[in-house]
Structures are given as C-alpha cells and as structure tokens.
Amino acid sequence: MQRTYEVMFIVRPDLTDEDLDKLVSTLETQVGTAGGTIKSVDKMGKRRLAYEVSTFTDGMYILFTIEGEGALIKEVERRLRVQEQVIKFITVRVDEEQKRLAKVKAIRDTKVRGKGTRAAEQAAAAEAAAPAAAPAEPASAEPAPAV
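FYI, in full-length UniProt numbering the residues of the sequence shown are 1 to 147.
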C-alpha cells in the first residue's frame, strides 16, 4: 500500500552544493527505482541545531516528501544511516497525521455546533421567560409610605 512519508535529514554544514546535489539526486534515483515517487524536495538551508551533534552546531536541512511502501522507506533510512554527510534524520508517516488532524477537526466542529445550539436554546428560553417575568400590574405612581 502506497503511503506518504516525510523524510527530513540534516547534513554537515561544510558540505559543498555539488556534494549536496549529488546526495539528493542519489536518493531520488533510489526512490524512483524502488517504485516510489518523490512529491517534493525542499532544501531548507543552513540552520543552527538545538544541540551539538557530532561536533556540529549548524546543519543543512533537507525535506523529502515520498510516496511509497514501507520497505522503500526502510531502505532510504538505511542509506541515510551509512552516509557520512548525514548527521541526523527522521521519518514521519504523513497520512496518519492527516487522519489525526481530520479527527480533531471533526471533534472541534461538533463541539462548536453543540455550543451554538445550546446558546440558541438559552437565548430562546430567555426571550420566552422575559415577558412572563414582567409584572402583570403597572407600577403605581405614588411613592411608598415612609416608616
């Protein structure tokens, strides 16, 4: 079953643009020959790392969006693991995230609709109660006697 994955990896900051392009094209070729498709490649540039990784404080971030089988992703991760240029990587299955977000949105919409209905019911009840709460006799114009 084809699923969508995001693979983000960080390469050494001292890597040249040619070496980075070569690494990216190698991974693209590997994904294509394994029967997967690359939806997008986003080179996010050089950024500071949250903590030191393999004596590096900066890294160049690359984000792949891949559609393919689990075995394909396993092979991509294996290749990233053995590359000297790659200092960190993470893979996330996107379709599970999309399902979770859709479920949260549905729950939120249900709650909003419920609050809107409840507020409308309360407003209608208040309007119906307002005329009944009004005094039946008009107030007299005479002041009350002092005690």
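For glycine and all other residues, C-beta sits at the position ideal for the given N, C-alpha and C.
When ALA106, GLU84, VAL104 and GLY36 are compared, the shortest CA-CA separation from PHE64 is found for GLY36.
Taking each of ARG100, VAL92, GLU96 and VAL53 in turn and checking the Cα distance to GLN85, the smallest one comes out for VAL53. In terms of Cα proximity to ILE10, the closest of GLN30, ARG47 and ASP17 is ARG47. Rounded to whole angstroms, the gap between the alpha carbons of LYS39 and VAL7 is 12 Å. Along the region 32 to 83, the beta strand (DSSP E) occurs as fully enclosed runs of 3 or more residues at 37 to 53 and 56 to 68, listed in sequence order. Rounded to whole angstroms, the separation of the alpha carbons of LEU27 and THR55 is 25 Å. For ARG12, no beta strand (DSSP E) run applies, since DSSP gives it neither H nor E. By the C-beta density criterion, ARG81 is exposed, having fewer than 16 other C-beta atoms within 10 angstroms. DSSP lists no beta-bridge partner residue for GLU28.
Here MET60 is near ARG12, since their CB atoms are less than 9 Å apart.
Nearest in C-alpha terms to ILE90, of all of ILE73, MET1, LEU23 and LYS99, is ILE73.
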